[in-house]
Amino acid sequence: MSDRLGVTPAQTVGPYLHIGLLWPDGPYVVPEGTPGAFWIRGQLFDGAGNPVVDGMVETWQADPDGRFDHPDDPRGARKPSVPGFRGFGRSATDADGRYEILTVKPGALPDPDGGTEAPHLNLSVFARGLLHRVVTRLYFPDEAAANAADPVLRSVDPGRRHTLLADAAPDGLRFDIHLQGEHETVFFAV
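What follows is the structure, encoded as structure tokens:
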């Protein structure tokens with residue numbers, strides 16, 4: 001008998017992810033054709049660098065004015081300034097681990113200490129081997145000054161902040177998410 005146990009194989013999140021959590025408007029935070037809309041596309045990778053083909057990326061964000069149509073917004077819920085804006089998107093990964101979200105850039109947000117948070121998206125990731133979602137943020141590459149002042153981004157080790165910055169792409173942004181490994185994305189305890 002070996003005194004060392006083998007690694008437990010990864011388990012998928014099961015068929016319910018694709019049956020119960022997706023809907024036709026999933027990746028559309030805004031309707032197609034919305035002025036200023038762009039795509040956020042990326043891939044989801046596991047710790048070995050392999051694409052996660054049975055995952056899901058979910059986004060939550062403020063509207064371009066930095067407001068939420070939600071009762072938890074301390075400034076009060078307010079209808080979005082962009083027609084059809086939902087603030088929420090959900091995309092399953094495909095056979096190559098790719099996801100995509102059509103959205104508009106959010107505005108800056110006030111932080112609880114009276115400062116300002118840079119424009120960002122909150123992302124939740126659901127995937128095989130995860131018992132609970134993991135949560136990260138996507139920051140915009142054209143917001144250098146706001147990003148430098150963002151209290152959440154400043155709390156991250158400087159050597160890992162780049163994992164939260166999206167890259168410019170021809171039709172929007174690219175943001176790859178690495179669940180583990182050498183290029184692991186920073187995740188937050190929420």
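Here my numbering is used: position 50 in the sequence shown is 50, and no number is missing along the way.
Cβ coordinates follow ideal geometry from the N, Cα and C atoms, glycine included.
These numbers were taken from a predicted model, which means no experiment stands behind them.
Closest in alpha carbon position to G26, among R86, H162, R137, D69, is R86. For V125, the enclosing beta strand (DSSP E) has its first and last residue at 120 to 126. V30 is positioned such that its CB atom lies closer than 9 Å to that of T103.
Beyond the five residues adjoining it in sequence on each side, E32 comes within less than 8 Å, by CB distance, of L102 in the same chain, given in chain order. Annotation: the continuous beta strand (DSSP E) that includes L102 extends over 98 to 103. Counting only runs of 3 or more residues that sit fully inside the stretch 33 to 62, the beta strand (DSSP E) segments are 38 to 45, 56 to 60, in chain order. Per DSSP, reduced to three states, the secondary structure at R154 is helical. Exclusion of the five residues before and after L121 leaves T59, Q61, L138 as the residues of its chain whose Cβ lies within less than 6 Å of its Cβ. The count of Cβ pairs closer than 8 Å, one atom from the stretch 158 to 168 and one from the stretch 74 to 92, stays below three, leaving the stretches out of contact.
Partner residues in a beta bridge of G159, as assigned by DSSP, do not exist. When only Cα atoms are considered, T34 and V125 end up about 26 Å apart.
Within the same chain, and ignoring the five residues on either side of L165 in sequence, the residues whose Cβ sits closer than 7 Å to its Cβ are Y139, P141. For the options G114, G107, A48, L179, the alpha carbon positioned closest to that of V135 is the one of L179. Taking the C-beta atoms as reference points, F175 is found nearer than 9 Å to G42. DSSP links A92 through a beta bridge to M56. Around the beta carbon of L131, fewer than 16 other beta carbons sit within 10 angstroms, so the residue counts as exposed.
Annotation: L44 to V186 spans about 13 Å, alpha carbon to alpha carbon.
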